[in-house]
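Going down the list, the protein sequences come from chains A, B and C.
So the first sequence is residues 144 to 220, counted in the numbering used here.
So the second sequence is residues 6 to 440, counted in the numbering used here.
So the third sequence is residues 228 to 459, counted in the numbering used here.
For every residue, glycine included, the Cβ atom is placed at its ideal position computed from N, Cα and C.
In this text the structure is predicted, and so the values were computed from the model without any measurement.
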Amino acid sequence: MKMPLAMLPEGREAVITSVVAGRGLARRLYEMGFVRGERVKMLRAGPGPVLVLVKGSRVALGWGVAMKIIVDGGEAP
Amino acid sequence: MSRLRAELGEEPEAYFVEKRYELIKQIVSRVLKGRRRLTLSDLLDRVFLHRGLGIPIFLALWWALFRFTFDVSAPLSDAIDMFFGWLGDTARDGIPNPWLASFVADGICAGFGSVLVFIPPIFFLFFGLAILEDSGYLARAAFVMDRALYKLGLHGRSFIPMLLGFGCNIPGVMACRTIEREEDRILTILVNPLMSCSARLPVYVLIGGAVLGAYAAAGVYSMYILGIALAVCMALLFRRVIPYFKGRRSMFIMELPVYTRPTLRSLLRHMYERGVLFLKKAGTIIFSVMVIVWFLATHPWSATAGGELVENSYVAMLGRALEPLVRPLGFDWRAVAALFFGFLAKEIVVETFGILLGVEEEALTSAIAQIFTPVTGLAFMAFTLIYIPCVATIGVIYRETNSVKWTVFAVVYSLLLAYAVAFVIVSVGHALGYP
Amino acid sequence: MIRVALIGNPNVGKSLIFNNLTGGRAHVGNWPGKTVEKKVGKCVHKGVEMEIVDLPGVYSLTARSVDELIARDFIVEERPDVVVDIVDASNLERNLYLTVQLIELEANVVVALNKSDLAADMGYEIDVGELSRLLGVPVVPTVATTKQGMEELKDAIVKAARERRKSPLKIDYGKRAEALIKRLEEIIRKDPMLSQRYPTRWLAVRLLEGDEDVLRKVRSSSVWPEVAEVIG
Numbered sequence: 144m145k146m147p148l149a150m151l152p153e154g155r156e157a158v159i160t161s162v163v164a165g166r167g168l169a170r171r172l173y174e175m176g177f178v179r180g181e182r183v184k185m186l187r188a189g190p191g192p193v194l195v196l197v198k199g200s201r202v203a204l205g206w207g208v209a210m211k212i213i214v215d216g217g218e219a220p
Numbered sequence: 006m007s008r009l010r011a012e013l014g015e016e017p018e019a020y021f022v023e024k025r026y027e028l029i030k031q032i033v034s035r036v037l038k039g040r041r042r043l044t045l046s047d048l049l050d051r052v053f054l055h056r057g058l059g060i061p062i063f064l065a066l067w068w069a070l071f072r073f074t075f076d077v078s079a080p081l082s083d084a085i086d087m088f089f090g091w092l093g094d095t096a097r098d099g100i101p102n103p104w105l106a107s108f109v110a111d112g113i114c115a116g117f118g119s120v121l122v123f124i125p126p127i128f129f130l131f132f133g134l135a136i137l138e139d140s141g142y143l144a145r146a147a148f149v150m151d152r153a154l155y156k157l158g159l160h161g162r163s164f165i166p167m168l169l170g171f172g173c174n175i176p177g178v179m180a181c182r183t184i185e186r187e188e189d190r191i192l193t194i195l196v197n198p199l200m201s202c203s204a205r206l207p208v209y210v211l212i213g214g215a216v217l218g219a220y221a222a223a224g225v226y227s228m229y230i231l232g233i234a235l236a237v238c239m240a241l242l243f244r245r246v247i248p249y250f251k252g253r254r255s256m257f258i259m260e261l262p263v264y265t266r267p268t269l270r271s272l273l274r275h276m277y278e279r280g281v282l283f284l285k286k287a288g289t290i291i292f293s294v295m296v297i298v299w300f301l302a303t304h305p306w307s308a309t310a311g312g313e314l315v316e317n318s319y320v321a322m323l324g325r326a327l328e329p330l331v332r333p334l335g336f337d338w339r340a341v342a343a344l345f346f347g348f349l350a351k352e353i354v355v356e357t358f359g360i361l362l363g364v365e366e367e368a369l370t371s372a373i374a375q376i377f378t379p380v381t382g383l384a385f386m387a388f389t390l391i392y393i394p395c396v397a398t399i400g401v402i403y404r405e406t407n408s409v410k411w412t413v414f415a416v417v418y419s420l421l422l423a424y425a426v427a428f429v430i431v432s433v434g435h436a437l438g439y440p
Numbered sequence: 228m229i230r231v232a233l234i235g236n237p238n239v240g241k242s243l244i245f246n247n248l249t250g251g252r253a254h255v256g257n258w259p260g261k262t263v264e265k266k267v268g269k270c271v272h273k274g275v276e277m278e279i280v281d282l283p284g285v286y287s288l289t290a291r292s293v294d295e296l297i298a299r300d301f302i303v304e305e306r307p308d309v310v311v312d313i314v315d316a317s318n319l320e321r322n323l324y325l326t327v328q329l330i331e332l333e334a335n336v337v338v339a340l341n342k343s344d345l346a347a348d349m350g351y352e353i354d355v356g357e358l359s360r361l362l363g364v365p366v367v368p369t370v371a372t373t374k375q376g377m378e379e380l381k382d383a384i385v386k387a388a389r390e391r392r393k394s395p396l397k398i399d400y401g402k403r404a405e406a407l408i409k410r411l412e413e414i415i416r417k418d419p420m421l422s423q424r425y426p427t428r429w430l431a432v433r434l435l436e437g438d439e440d441v442l443r444k445v446r447s448s449s450v451w452p453e454v455a456e457v458i459g
């Protein structure tokens, strides 16, 4: 089920399907590891900034940023 | 570019990054064995980033840092102060020529003393800060405070520098280095001096105690609140009005490093590097200005009888010349002179009043009550809070922004703001019927 | 004297390694016109003198932020003899992104695989020899906090400066992209101002990626119209 990363429940894992952001932000996200097909895990959910595990490192994202990353959360709730 | 997109099948930025990562994944799969275990860092984050406890934990750690710094450094600062006082006295007694004696004692010794007295708090603060930073905790603090600050026009990373400013604006401004985007960095540097540093406290206590009577404590407290409120207003205002600061803020993306045990070596190194930097740049400014002020306060030499009669000195003349400017605020020439000296180091304001009123410490309070009313006293306190940062801070602002333009702007806007706020206080006070 | 640049992701232990190498005696200033700190130090190893510049910690060399611009400009314009890329062993995948970019930039790379102890604690085992072989550059495991690996690192730096080997690592960007890259390279080679200053393949890829700084540099070249044709 597709959703913005910001809404991924805590503890769940998902796969990134796309990034809908301006050039600069998108590039930065890609380089931090948020590429298509990559697995991410929600370590601390919002509201407010979220903490995710991506490519083995802990990355904090502002809420707005996390809304721009679309993931596939796997099983429907 | 859309033609490229069609060729490659997706956005070029994404495409090339993905290809690189594909290769890296291949390499890593052949080179790395083992699975990621749950680490101490993960567990610590459960605590420090806890939804409810995160902020209180931060505030507690922060308070501890403060206490550590100021409790440990205060006796050392006092010792340094006393040493240079003693040195000055010895020089004064030992040198026959009165002019030279004054120059050495009140110019050079006082000058050196005023710089070196900063060393203990600055070094200890940097040491404590280095612990929080090197351990990886500071990144968590920024994370926890980011949301609140975003709404106030500031960046999550602005929080630490702002909090530091309550102790001393110098490390506060220097801590702005961690803010990535230059525009955000400069904005935080500009509003940092509004955080009421500890040097201003004696002024509040003196004036407030003298004229506010039962409301003295409330008056002092309100200065801190006023500082915070103004910082927020200025941040929002600058963002809206000055084109340089407009535009999207750096989006919050921050990697949280693993928690590490800081090595004593690197802690001392950080402390030393930053401390020495401060001494070099800010120190030379403070020292030179102190000497200049000594000169202005003791000359013309004959008129002031060797520095005794400050009323006849250039400073007094300057004070009187500027008096018309501040009369709407209810300040007299002594207040101006005190503010002028306060430019060097805000603590000096108190001593200056003592000298200019010709009284000792004990009688100072009543003497102050003679020249200020509750309303003008409050206005003066606000003025002290807001007007130009002390010389040392200006030196550091220059160093951190690497720009004369912004440094001048910081000085000018704070002067104007101070005047405006003091004026408002006086006007409202008079309108409400107070003298 | 060998000119060495230190680079790596933020928080990988770069400052510690810088201090280990330079003995803490560093000249601190600002990068010209910027508010970012610049540290330069010296190191003498087995008779060889090294000047070590600490570049800002960056995740990549796309030159979007001030830090990245400083780092990239230094490597491209100053052409240090050796670039030591400090990689966090506990975070290998993301850290190698910068390494790969450095290799594309044709810098003379030596990888310091730092935090090897942490990686082991986390349950990881890294085949250093294989990594070195696949990347095509020397890889030295280090633990900066205990100064482990420092001597080997200095040896590797001196050796790399002497041998100046280029890594054979090449990323295959796919048939279509490679065709575009080839065309761009041919065009770039026509302008010696570009082809002599920058590695042609790197420049071509950057142009396709829409790197603003590179676009600016190429716009003032005589071959710009042809380039613009290709990238659209």
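Taking 7 Å as the cut-off, the beta carbon of residue 59 of chain B is found closer than this to the beta carbon of residue 149 of chain B. Around the beta carbon of residue 289 of chain B, fewer than 16 other beta carbons sit within 10 angstroms, so the residue counts as exposed.
Burial of residue 240 of chain B is indicated by the presence of at least 16 other C-beta atoms within 10 angstroms of its C-beta.
Excluding residues up to 5 positions away in sequence, 394, 395, 396 lie with their Cβ nearer than 6 Å to the Cβ of residue 363 of chain C in the same chain.
Shortest Cα-Cα distance from residue 162 of chain A to any of A:152, A:147, A:199 involves A:147. For residue 191 of chain B and residue 109 of chain B, the gap between their C-alpha atoms comes out near 39 Å. Within the model, the alpha-carbon separation for residue 97 of chain B versus residue 253 of chain C is close to 41 Å. Contact annotation for residue 167 of chain A against chain C: 291 [CB-CB distance below 7 Å, chain order]. The beta-bridge partner set that DSSP reports for residue 435 of chain B is empty. Closest in alpha carbon position to residue 438 of chain B, among B:400, B:380, B:425, B:416, is B:380.
For residue 232 of chain C, the enclosing beta strand (DSSP E) stretches over residues 229-235. In this chain, residue 24 of chain B is not harboured by any beta strand (DSSP E); it is covered by the alpha helix (DSSP H) spanning 17-36. Scanning its chain for C-beta atoms nearer than 8 Å, with the 5 sequence neighbours on each side dropped, one finds around residue 320 of chain B the residues 298, 301, 302, 342, 345, 346, in chain order. One Cα belongs to residue 144 of chain B, the other to residue 351 of chain C, and the distance between them is close to 25 Å.
With at least 16 other beta carbons inside 10 angstroms of its own, residue 373 of chain B counts as buried. In this structure, the beta-carbon distance from residue 339 of chain C to residue 385 of chain C does not fall below 7 Å. Interface residue (Cβ-Cβ distance to chain B less than 7 Å): residue 244 of chain C is not classified as such. Beta-bridge partners of residue 272 of chain C (DSSP): C:275.
The Cβ of residue 75 of chain B sits no closer than 7 Å to any Cβ of chain C.
When DSSP states are grouped into helix, strand and coil, residue 143 of chain B belongs to the helix group. Closer than 7 Å at the C-beta level to chain A, one finds these residues of the stretch 266-300 of chain C: 286, 287, 289, 291. The three-state secondary structure of residue 266 of chain B, taken from DSSP, is coil. Counting only Cβ-Cβ distances below 8 Å, residue 174 of chain A has contacts in chain C at 286, 287, 289, 324, in chain order. Excluding five sequence positions before and after residue 263 of chain B, the CB atoms of its chain that fall closer than 6 Å to its own CB belong to 46, given in chain order. Counting along the chain, the unbroken alpha helix (DSSP H) around residue 384 of chain C starts and ends at 377-390. A contact between stretches requires three or more CB pairs, one per stretch, nearer than 8 Å, and the stretch 147-159 of chain A meets this requirement with the stretch 208-215 of chain A. A straight-line Cα-Cα distance of about 11 Å links residue 338 of chain B and residue 362 of chain B. In this structure, the alpha-carbon of residue 400 of chain B lies about 10 Å from that of residue 406 of chain B.
Under the Cβ criterion of 7 Å, residue 199 of chain A is counted among the residues facing chain C. Taking residue 167 of chain B as reference, the option from B:131, B:197, B:146 with the minimal CA-CA separation is B:197. For residue 398 of chain C, the closest C-alpha among the options B:378, B:85, B:104, B:28 is that of B:28.
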